[in-house]
Amino acid sequence: MSLVELIAQADERGLAASGLGCLDRCVPLLGDAEDDETLRPLWASLAEGGAGWGETLAAARDRLADTVVDGEAAELVRRMLGATPDGQVPGDWRGWADACSVAALQVHRMLDAGGVGGDAPDGAAGVREGDTEGMTPLVAAELRRQTKILELLASGAGGLRQARDLSMEGRRVLRAVVSRRARGRA
C-alpha cells in the first residue's frame, strides 16, 4: 500500500502520530539538535488520548520560537510546527499529516548529498505514490519510516511506542546529517 493510501485510511490518532513523527524527525533543523525532549510531551499526550495536547503544543512552539536557523528546509519544519492542529478541530489532522509527510520527504531530499533537484515537491508526491525511481538513500529511509509508523498504528494500540522509537532513530540520522553539513561549512 502506498503512503498516500495509508494516510487516507489512518484514524485520527494515527494521523496525529504520523504528523508528529515527521515533525520530530525534522526538529534538528531548527537548531534543537542536542535536545530530544522538545516534542516528548506531545508524544506523551498522544499516548494519553490527547489530554493536554494544546498546552504541550504551545510549550513546544514557545521553545522552538527562538531558533535562528535559516534556509528552506528549516522553513518547512517551522511551517509543519505552525500548522500543527491544537486538537480542537477533528478535520485538521489528515491535511496536517499529509502536508508533514510531503514536507519531511522534501527536507530529506534537500539534505541528501546525492539528491538531484532536491526541493521539487512533485518528487516527494511521486515517492509517496510509489514512484521510487532515482530515490536517494535519505529519502528512502524517511519513506520507510513514514510507512512503517502508519502500519504500526493501524495494527493496534502498542504501535505508538514503536512509532516514537522510529522517529527517534530518524531524528538521530537527520541530526548526524545536519552536524556533518555544519562541519563541512566551517
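Start counting the sequence shown at 0; every next residue gets the next number (numbering that gives the first Met the number 0).
Beta carbons: idealized from backbone N, C-alpha and C, even for Gly.
Being a predicted model, the structure only gives us computed values, none of them experimental.
Fill in: Q145 versus L19, D10 and E11, residue with shortest Cα-Cα distance
Taking each of L19, D10 and E11 in turn and checking the Cα distance to Q145, the smallest one comes out for L19.
Discussion item. With H, G and I counted as helix, E and B as strand and the rest as coil, what does DSSP make of A9?
Written reply: coil
Practice prompt. May I ask you to report which of helix, strand or coil DSSP gives A57?
Written response: helix
Worksheet item: Hey, D85 and L56: beta-carbon distance below 8 angstroms or not?
Response: yes
Worksheet item: Are L110 and A16 close, meaning C-beta to C-beta below 8 angstroms?
Response: no
Worksheet item: Expressed to the nearest angstrom, what Euclidean distance is found between the alpha-carbon atoms of G116 and A46?
Response: With a pLDDT of only 40 at G116, under 50, the local geometry of the prediction cannot be trusted, and the value read off the model is given with reservation. Going by the C-alpha atoms only, they are around 38 angstroms apart.
Worksheet item: Roughly how many angstroms lie between the CA atoms of R174 and L165, to the nearest whole one?
Response: For R174 and L165, the distance between alpha carbons rounds to 14 angstroms.
Worksheet item: Does the Cβ of R78 have 16 or more other Cβ atoms within 10 Å, making it buried, or fewer, making it exposed?
Response: exposed
Worksheet item: Are the Cβ atoms of L38 and A58 separated by less than 8 angstroms?
Response: no
Worksheet item: Which two residues bound the contiguous alpha helix (DSSP H) that contains A79?
Response: As written in the sequence, residue 79 is Met, which differs from the Ala given in the question. E71 to A82 is the span of the alpha helix (DSSP H), which, as asked, contains M79.
Fill in: C-beta contact flag for L151 and A162 at 8 angstroms
Closer than 8 angstroms, so yes.
Worksheet item: Given a threshold of 16 other Cβ atoms within 10 Å of its Cβ, counted over all protein chains shown, does Q8 qualify as buried or as exposed?
Response: exposed
Practice prompt. Can you say whether E71 is buried or exposed, counting buried as having 16 or more other CB atoms within 10 angstroms of its CB?
Written response: exposed
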